[in-house]
Amino acid sequence: MELVERCFTLHEAKCISTIPISRWGCPDKQVWHFTSHGGYTVRSGYEVALNLRRNGELGRKAEGETSQGNQQQRIWKSIWGLPVPPKIRTFLWKCCRNVLAVKENLLHRGIDVDTTCTLCGREGESQVHLFFTCEFARLFWFASPLQLDPSLVVGEDFIRCWANLLSKYEQVEHYSEILQACAFGLWRIWKTRNGMVFEGQVTDPRDAVECFKNQVQEFRIARMCVKPFINELPRPPEAQAEPVTSWQKPPFGVLKVNCDATWMAQTGMGSVGWVVRDSYGWMVLAGGKGVLWGGSALAMEAEAIREALLVCVQGGLSKLEVESDSLQIIRMLCGKWKVGFAVEPIIFDIKRLVAQCQHCVFLFTPRLCNKAAHKVAAFVFRVGGIHTWDDLWPEWIFDTLASDVNLSIRL
Ligand SMILES: [Zn+2]
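If you read the sequence shown in the working numbering, its first letter stands for residue 544, the second for the next number, and so on.
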């Protein structure tokens, strides 16, 4: 940016800074500057076509395209492909990102808590301790049908423990069933711990094992009956006949990503915000970025989708319904409108990110149903910087999330 400012006039530098840049080197092309789709028309027949020559910096490799990235991909795949209820998949994903609200994580986030483990009252309550090294966990795993000695899979952090579990059982027959049981087991420990923290309910490890066994059994039986339903892909956007007046939960197993942006024409500055929710309406993740330069409100709306998708893909979230209240951008993404050249590099990146998803559709939503993302964008615009929220929802968004869910319950 400094270089640009040195080489060009103030006005030119400002124009250049608003040109959206592709992360993965959207191919250069010549566009006709005087039409929004960049094609030459006789009517607009003036002189120069603007050559958008990008500098070498743009051909960079995407983040995470390393061998460590492959290992990560293997872990995310193992989680999102697990035959368990979506809430357990989300739970495991949180564990792997070390964002579960165990006491040591709370302390880390600046919340003043006594970190002593709830279940054993001895060591600090970290994720690794709670699920693998706590006396309760050891008894639980050993008494479970897995008869697992958790010290054999324990690692530095949760994600390594999970990777060790994958390696331990990889070659075994019924691999998927074993992992399914591990997931239900971890969930049971978490529920037991929460029962104790929030309700003072003391549970014997053997009772927790019984509860865990029943839950796995019930789930397996239910799944056999509704299997075709679970495998059903979400409906196409055209299927919505009724006008939508409130936020809608995504279909089972799919995450809904609401995106929004703010932009001030006077300053050319804006911000983006996004909120990810599951089929229960539970917020899984939210984030935003500001204050950003942008050439138009449209470019900023596209930017919001790109940022949201990037975070989702990097976090291994790959069954998505992406919603924006910009009809233009959604139509461009669905191939119904010609892509304007001013947003083309961003659209290019979005398509690249979509290719990394298992399932991703784009839906237009009225502003009324996009309030959560709007709030995030507005907040980020005010405070600036890069933000993400997961387990701990910011207070100012709580009402919107709750009312979104209540509305659809009443319908
Ligand atoms: Zn403990």
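Glycine included, each C-beta is placed from N, C-alpha and C at the ideal position. A quick note: this is a predicted structure, and the numbers were derived from the prediction, not measured.
inquiry  = Within 10 Å of its beta-carbon, does Val854 have 16 or more other beta-carbons around it, so buried, or fewer, so exposed?
reply    = Translated into positions along the sequence shown, residue 854 becomes position 311. Classification of Val854: buried, given that the 10 Å Cβ count is 16 or more.
request  = Give a single yes or no on whether Arg665 has its beta carbon closer than 7 Å to a heavy atom of ligand 1.
outcome  = Working through the sequence shown from its first residue, we reach residue 665 at position 122. At least one heavy atom of ligand 1 is nearer than 7 Å to the Cβ of Arg665, so yes.
task = Compute the minimum distance between the beta carbon of Glu678 and the heavy atoms of ligand 1, and state whether it is under 7 Å.
result = The residue given as residue 678 occupies position 135 in the sequence shown. Glu678 Cβ: within cutoff of ligand 1.
key: Cutoff 6 Å; reference Leu876; Cβ partners in own chain excluding five residues on either side   = Mapped onto the sequence shown, residue 876 falls at position 333. So the qualifying residues of the chain are Phe905.
message = Measuring only from the beta carbon, is Leu643 closer than 7 Å to any heavy atom that is part of ligand 1?
response = Sequence index remark: in the sequence shown, residue 643 carries index 100 (1-based). Exclusion of Leu643 from the 7 Å shell around ligand 1 follows from its C-beta lying no nearer than that to any non-hydrogen atom of the ligand.
Cβ of Ala845 within 8 Å of any chain B Cβ = Absent here is chain B; the protein component of the structure consists of one chain.
message = Pull the bridge partners of Val904 from the DSSP assignment, please.
response = One-based indexing of the sequence shown puts residue 904 at position 361. Paired residues: Glu864.
request  = Taking only heavy atoms of ligand 1 into account, decide whether any of them is closer than 7 Å to the Cβ of Cys704.
outcome  = Translated into positions along the sequence shown, residue 704 becomes position 161. Taking non-hydrogen atoms of ligand 1 into account, the C-beta of Cys704 is found less than 7 Å away from none of them.
Strand pairing of Arg820, partner residues [DSSP] = On the sequence shown, residue 820 is found 277 positions in, with the first residue counted as 1. Beta-bridge analysis with DSSP links Arg820 to Lys799 and Met826.
request  = Throw me the rounded Cβ distance for the Asn801 and Trp817 pair, which I believe falls under 8 Å.
outcome  = Mapped onto the sequence shown, residue 801 falls at position 258. Mapped onto the sequence shown, residue 817 falls at position 274. Correct: roughly 6 Å between the Cβ atoms.
query = When DSSP labels each residue in this structure, what does Ile564 get in the three-state scheme?
reply = Within the sequence shown, numbered from 1, the residue matching residue 564 stands at position 21. In the three-state reduction of the DSSP assignment, Ile564 falls in the coil class, being assigned neither a helical nor a strand state.
query = Where in the segment 649-679 do unbroken runs of the beta strand (DSSP E), each at least 3 residues long, occur, reported from the N-terminal end onward?
reply = Correct list: empty.
ask   = From Ser946 to Ala916, what distance separates their C-alpha atoms?
value = Residue mapping note: residue 946 aligns to position 403 of the sequence shown, counting from 1. Residue mapping note: residue 916 aligns to position 373 of the sequence shown, counting from 1. Rounded to whole angstroms, the separation of the alpha carbons of Ala916 and Ser946 is 14 Å.
ask   = In three-state DSSP terms, what is Arg632?
value = Locating residue 632 in the sequence shown gives position 89, counting from the first residue. It is helical.
request  = Flag this pair as yes or no: are the beta carbons of Lys620 and Pro688 separated by less than 8 Å?
outcome  = Residue mapping note: residue 620 aligns to position 77 of the sequence shown, counting from 1. Residue mapping note: residue 688 aligns to position 145 of the sequence shown, counting from 1. Not in contact: Lys620 and Pro688 (Cβ atoms no closer than 8 Å).
key: Contact set for Lys832: own chain, Cβ-Cβ below 7 Å, skip 5 residues either direction   = Here residue 832 refers to the residue found at position 289 of the sequence shown. Excluding its 5 nearest sequence neighbours in each direction, Lys832 has C-beta neighbours in its own chain below 7 Å: Ser814, Val815, Glu850, Val923 and Ile929, listed in chain order.
task = Using only the heavy atoms of ligand 1, determine whether one of them is closer than 7 Å to the beta carbon of Gly662.
result = Counting from 1 along the sequence shown, the entry for residue 662 is found at position 119. Per the sequence shown, residue 662 should be read as Leu rather than Gly. Look at Leu662: its beta carbon is less than 7 Å from one of the heavy atoms in ligand 1.
key: Distance between Lys914 and Asp655 (C-alpha atoms, nearest Å)   = By one-based count along the sequence shown, residue 655 stands at place 112. By one-based count along the sequence shown, residue 914 stands at place 371. If you take the alpha carbons of Asp655 and Lys914, they lie about 32 Å apart.
inquiry  = When you measure from the CB of His672 to every non-hydrogen atom of ligand 1, does any distance come out below 7 Å?
reply    = Here the question's residue 672 lines up with position 129 in the sequence shown. Yes - ligand 1 has a heavy atom lying nearer than 7 Å to the Cβ of His672.
ask   = Using the beta-carbon count (16 or more within 10 Å), is Ile631 buried or exposed?
value = Locating residue 631 in the sequence shown gives position 88, counting from the first residue. Answer is buried; the Cβ neighbour count reaches 16.
query = According to the Cβ coordinates, are Phe891 and Ser565 closer than 8 Å?
reply = Here the question's residue 891 lines up with position 348 in the sequence shown. Here the question's residue 565 lines up with position 22 in the sequence shown. The Cβ atoms of Phe891 and Ser565 lie closer than 8 Å to each other.
inquiry  = Does Arg895 pass the burial test, meaning 16 or more other C-beta atoms within 10 Å, or should it be called exposed?
reply    = Looking up residue 895 in the sequence shown gives position 352. Flag for Arg895 reads buried.
request  = For Trp939, count neighbouring C-beta atoms within 10 Å of its own C-beta (all shown protein chains included) and say buried if the count is 16 or more, exposed if not.
outcome  = Mapped onto the sequence shown, residue 939 falls at position 396. Exposed, by the Cβ-count rule.
Residues that DSSP places opposite Leu835 in a beta bridge = Translated into the one-based positions of the sequence shown, residue 835 becomes position 292. Per DSSP, Gly813.
key: For Asp933, the nearest candidate out of Arg910, Leu695 and Arg820 (CA to CA)   = As a working mapping, residue 933 is identified with position 390 in the sequence shown. Looking at Arg910, Leu695 and Arg820, the one whose alpha-carbon comes closest to that of Asp933 is Arg820.
Ile893 vs Leu863 beta-carbon contact at 8 Å = The residue given as residue 893 occupies position 350 in the sequence shown. The residue given as residue 863 occupies position 320 in the sequence shown. Going by beta carbons, Ile893 and Leu863 fall outside the 8 Å limit.
ask   = In terms of DSSP beta bridges, what is Met807 paired with?
value = The residue given as residue 807 occupies position 264 in the sequence shown. Beta-bridge pairing links Met807 to Met812.
message = Which same chain residues end up closer than 6 Å to Ala782 when comparing Cβ atoms and leaving out the 5 residues on each side of it in sequence?
response = Position 239 of the sequence shown holds residue 782. Low confidence applies to Ala782: its pLDDT is 46, below 50, so where it sits in the model is not reliable, and the reading given next is rough at best. The answer is none, since no qualifying residue turns up.
request  = Examine the Cβ distances between the segment 626-646 and the segment 667-682 and report whether three or more of them are shorter than 8 Å.
outcome  = Contact holds between the segment 626-646 and the segment 667-682, because three or more Cβ pairs, one in each stretch, are under 8 Å apart.
inquiry  = For the segment 697-710 against the segment 660-668, do three or more pairs of beta-carbon atoms, one drawn from each stretch, fall closer than 8 Å, so that the two count as touching?
reply    = Below 8 Å, too few C-beta pairs join the segment 697-710 and the segment 660-668 to call them touching: fewer than three.
query = Which residues mark the beginning and the end of the alpha helix (DSSP H) in which His930 is found?
reply = Translated into the one-based positions of the sequence shown, residue 930 becomes position 387. Unbroken run through His930 is the beta strand (DSSP E), Gly928 to Trp932; no alpha helix (DSSP H).
key: Residue burial classification, Leu835 (beta-carbon count within 10 angstroms, cutoff 16)   = The residue given as residue 835 occupies position 292 in the sequence shown. Leu835 should be labelled buried.
key: Stretch pair the segment 858-873 + the segment 792-812: three plus CB contacts closer than 8 Å   = By the criterion of at least three beta-carbon pairs nearer than 8 Å, the segment 858-873 is in contact with the segment 792-812.
ask   = Enumerated in chain order, which unbroken segments of the alpha helix (DSSP H) with a length of 4 residues or greater are wholly contained in the segment 684-729?
value = Qualifying alpha helix (DSSP H) stretches, in chain order: 701-712.
task = Would you mind stating whether Leu695 and Gln670 have Cβ atoms separated by less than 8 Å?
result = Within the sequence shown, the letter at position 152 stands for residue 695. Within the sequence shown, the letter at position 127 stands for residue 670. No, Cβ-Cβ distance for Leu695 and Gln670 is not below 8 Å.
Proximity below 8 Å, CB of Glu846 to CB of Pro563 = For the purposes of this step, residue 846 is identified with residue 303 of the sequence shown, where counting begins at 1. For the purposes of this step, residue 563 is identified with residue 20 of the sequence shown, where counting begins at 1. Here Glu846 is near Pro563, since their CB atoms are less than 8 Å apart.
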